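Protein sequences appear in the order of chains A and B. Last residue of the first sequence: number 231 in this note's numbering, and the count goes up by one each step with no gaps. Last residue of the second sequence: number 1271 in this note's numbering, and the count goes up by one each step with no gaps. Glycine included, every Cβ here is placed at the ideal spot set by N, Cα and C. As the structure is a prediction and not an experimental result, all values here were calculated from the model. Worksheet: one structure, shown below.
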Amino acid sequence: MSVLECKDLCKNYGHAPALDQVSLAVEPGHIVGLLGPNGSGKTTLIKLANGLLTPTSGEILVCGMRPGKETHACVSYLPERTAIPTWMSTAQLLDFYGDFYADFRRDAAEEMLAHLNIQPRQRIKQMSKGTREKVQLIMVMSRAAKLYLLDEPIGGVDPATRDYILSTIIGNYNPEAAVVISTHLISDVEKVLDEVIFINQGRVVLQSSVDQIREEKGMSVDELFREVFKC
Amino acid sequence: MLRKLMKHEFRATGRIMLPLFLILLVTAFGANLSTRGLMSTQYRILDVLGGLLITAFFVAIVGVCVMSFVLMVQRFYKNLLQDEGYVMMTLPVSVHQQVWSKLIVSSVWFILTVLAVILAACIMAFNVSFLGEFFQGLRGLFRELREIGAYYAINGTAIAVELIALTFLSLVAFCLQFYAALAVGHSFANHKMACSVAFFFGFQFVLQFLGGTGIFAFDALNLFDFLPSWQLNGMAAVHAVLIFCIVLVVLYSAIFYAITTFCLKKRLNLE
């Protein structure tokens, strides 16, 4: 069964369409790149999967259900911005995730935080922007979820942090789960992807495996992206 | 899950309210010192200090009351409709649990604020004879109640309970009016806060309009012409009016609650 499925999904903001007749399916055990230029509808799609937006028409199913509190229990979501409560200390944040998510692996999170020399009593607001993003990613990746939805996880961070983020994703995701990474920084994520979905102006223009692109088109995902989205 | 939401809500709000309560009680102690002679010494500096302590006490009372109210609005706004909303609205909990947790915790802080202010006032007014006078007053009250009879004692207590319930429910309704205005305002793409303020006053206008026209309509019904034998004594009328007001407040609270949950479920539009 697909962990994420969209059927003729449409979302309009006023009269402007953000997603138009999107149909796709994401299977478990795959790392999928949701790739497209800015404003292509990537974040809208991820928000719809999280129930943060309601579709204008069509259907979106997560683990076979419409987004709601049941699907929230099996989805681990990394928003495009730092959303963890900044007044909390790291220990309080661990309590928070542990309280609400049965699949939260506190020991894994503590190990990753210790690796970054982040003290349990340290407050989130005392951390730099980059450290906050790392802490948020650690919380998200410490869950044994069925679907990870990561919205721009490497946007706005330095190359060293990008490597740390990608290695944290690869090293900690549940292998039976699907990971959807939304980004426009293709070259950085290409090496970790199994599959890609190209999205432009709210429409899916391509869904293919990375190996297929390399074999059939003879080019990397980054090269194909530049060709498809040439201005 | 509601219990867990409330636990973290208390954590978030307690770090602000508890120190404020402590400040209030400390300033009450300071004000007590002033009333016990600090301001009537021959030393001008002690007079000034006494005056400052009294001022600090009143500022603390206002501060605690304002803060409990501001916190109620701010927690809903920041925690559900701003960046933290991305975490909160994707928790495996229902929108109803989210709203109830905010509502219950805010109500608890309102009650604790009232109790803290009463306690602070007692600390400020406390002297050796204070407790004696207080209990003497209570004894006098019960003696008088016995004298005027069980009818007035029971009805008086019932009216007090009804008034307290009405005050508490009005506060809850007031919270829900803010929640509804914020939820509706933030479902728009632009000028979210301006829309929220406009909706708050819009709701207020509608309530007053309906209340005003309701009274005129009730008067125009001429109920007593239809029911000439229906007589209500003064005490029953007071109860009837208070219970009617309670039902009315519960009704418009329910409407604001429905608006809030509908917007958070169907029209959530985080930046």
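Terminal residues of the alpha helix (DSSP H) in which residue i lies
{"i": "residue 95/A", "result": "90-100"}
{"i": "residue 949/B", "result": "Absent from the model: residue 949/B. The displayed extent of chain B is 1001 to 1271, so no value can be given."}
{"i": "residue 172/A", "result": "159-172"}
{"i": "residue 198/A", "result": "Element bounds for residue 198/A: not the alpha helix (DSSP H) but the beta strand (DSSP E), 195-200."}
{"i": "residue 1013/B", "result": "1002-1035"}
{"i": "residue 133/A", "result": "129-141"}
{"i": "residue 215/A", "result": "That residue, residue 215/A, is in no alpha helix (DSSP H); it is neither H nor E in DSSP."}
{"i": "residue 176/A", "result": "Counting along the chain, residue 176/A falls outside any alpha helix (DSSP H), and DSSP gives it neither H nor E."}
{"i": "residue 1047/B", "result": "1044-1076"}
{"i": "residue 1115/B", "result": "1095-1125"}
{"i": "residue 48/A", "result": "42-49"}
{"i": "residue 187/A", "result": "186-189"}
{"i": "residue 1/A", "result": "That residue, residue 1/A, is in no alpha helix (DSSP H); it is neither H nor E in DSSP."}
{"i": "residue 1085/B", "result": "1085-1088"}
{"i": "residue 223/A", "result": "221-228"}
Proximal residues of chain A, C-beta to C-beta of residue i below 9 Å
{"i": "residue 1012/B", "result": "85, 87, 88"}
Terminal residues of the beta strand (DSSP E) in which residue i lies
{"i": "residue 6/A", "result": "4-13"}
{"i": "residue 21/A", "result": "16-26"}
{"i": "residue 1190/B", "result": "Segment: none, residue 1190/B is in no beta strand (DSSP E) and carries neither H nor E."}
{"i": "residue 103/A", "result": "Residue 103/A -> no beta strand (DSSP E), and no H or E assigned at all."}
{"i": "residue 147/A", "result": "147-151"}
Nearest-angstrom Cβ-Cβ length linking residue i and residue j, presumed shorter than 8 Å
{"i": "residue 997/B", "j": "residue 1023/B", "result": "Within the shown structure, residues of chain B are numbered from 1001 to 1271, placing residue 997/B beyond reach of any answer."}
{"i": "residue 97/A", "j": "residue 139/A", "result": "5 Å"}
{"i": "residue 166/A", "j": "residue 192/A", "result": "6 Å"}
{"i": "residue 1106/B", "j": "residue 1175/B", "result": "5 Å"}
{"i": "residue 1109/B", "j": "residue 1068/B", "result": "5 Å"}
{"i": "residue 11/A", "j": "residue 44/A", "result": "5 Å"}
{"i": "residue 1005/B", "j": "residue 1094/B", "result": "Actually they do not touch by this definition, with Cβ atoms about 10 Å apart."}
{"i": "residue 71/A", "j": "residue 62/A", "result": "4 Å"}
{"i": "residue 24/A", "j": "residue 207/A", "result": "6 Å"}
{"i": "residue 1099/B", "j": "residue 1213/B", "result": "Not really, about 29 Å apart at Cβ, beyond 8 Å."}
{"i": "residue 4/A", "j": "residue 49/A", "result": "6 Å"}
{"i": "residue 124/A", "j": "residue 93/A", "result": "7 Å"}
{"i": "residue 141/A", "j": "residue 172/A", "result": "4 Å"}
{"i": "residue 213/A", "j": "residue 185/A", "result": "That belief does not hold up - the Cβ atoms of residue 213/A and residue 185/A are roughly 17 Å apart, past 8 Å."}
{"i": "residue 1057/B", "j": "residue 1030/B", "result": "7 Å"}
Where residue i meets chain B, residues with beta-carbon distance less than 9 Å
{"i": "residue 14/A", "result": "1189"}
{"i": "residue 54/A", "result": "1265, 1266, 1267, 1268"}
{"i": "residue 42/A", "result": "In chain order: nothing, as chain B lies at least about 15 Å away."}
{"i": "residue 69/A", "result": "1001, 1091, 1092, 1093, 1094, 1095, 1097"}
Residue(s) in a DSSP beta bridge with residue i
{"i": "residue 33/A", "result": "181/A, 196/A"}
{"i": "residue 203/A", "result": "200/A"}
{"i": "residue 60/A", "result": "6/A"}
{"i": "residue 78/A", "result": "150/A"}
{"i": "residue 123/A", "result": "89/A"}
{"i": "residue 209/A", "result": "195/A"}
{"i": "residue 65/A", "result": "62/A"}
Chain-ordered chain A contacts of residue i [CB-CB under 8 Å]
{"i": "residue 1004/B", "result": "99, 100"}
{"i": "residue 1239/B", "result": "Within chain A, no residue comes near residue 1239/B; the closest Cβ sits about 42 Å away, beyond 8 Å."}
Chain-ordered neighbours of residue i on chain B, where CB pairs are closer than 7 Å
{"i": "residue 79/A", "result": "1086"}
{"i": "residue 50/A", "result": "1090"}
Under 8 Å from the C-beta of residue i: neighbouring residues of chain B
{"i": "residue 82/A", "result": "1083"}
{"i": "residue 73/A", "result": "1092"}
Amino acids of chain A, ordered along the chain, whose beta-carbon sits closer than 7 Å to that of residue i
{"i": "residue 1186/B", "result": "Simply none; closest approach about 12 Å."}
Against chain A: residues of the region 1064-1098 of chain B by CB proximity under 8 Å: Listed in chain order, the positions of the region 1064-1098 of chain B with a beta carbon within less than 8 Å of a beta carbon of chain A are 1079, 1083, 1084, 1085, 1086, 1087, 1089, 1090, 1091, 1092, 1093, 1094.
Chain-ordered residues of the region 87-118 of chain A with a beta carbon less than 9 Å from chain B: Result list: 87, 88, 92, 95, 96, 99, 100, 101, 102.
Near-chain B residues of the region 116-149 of chain A (beta-carbon distance less than 7 Å), N- to C-terminal order: none
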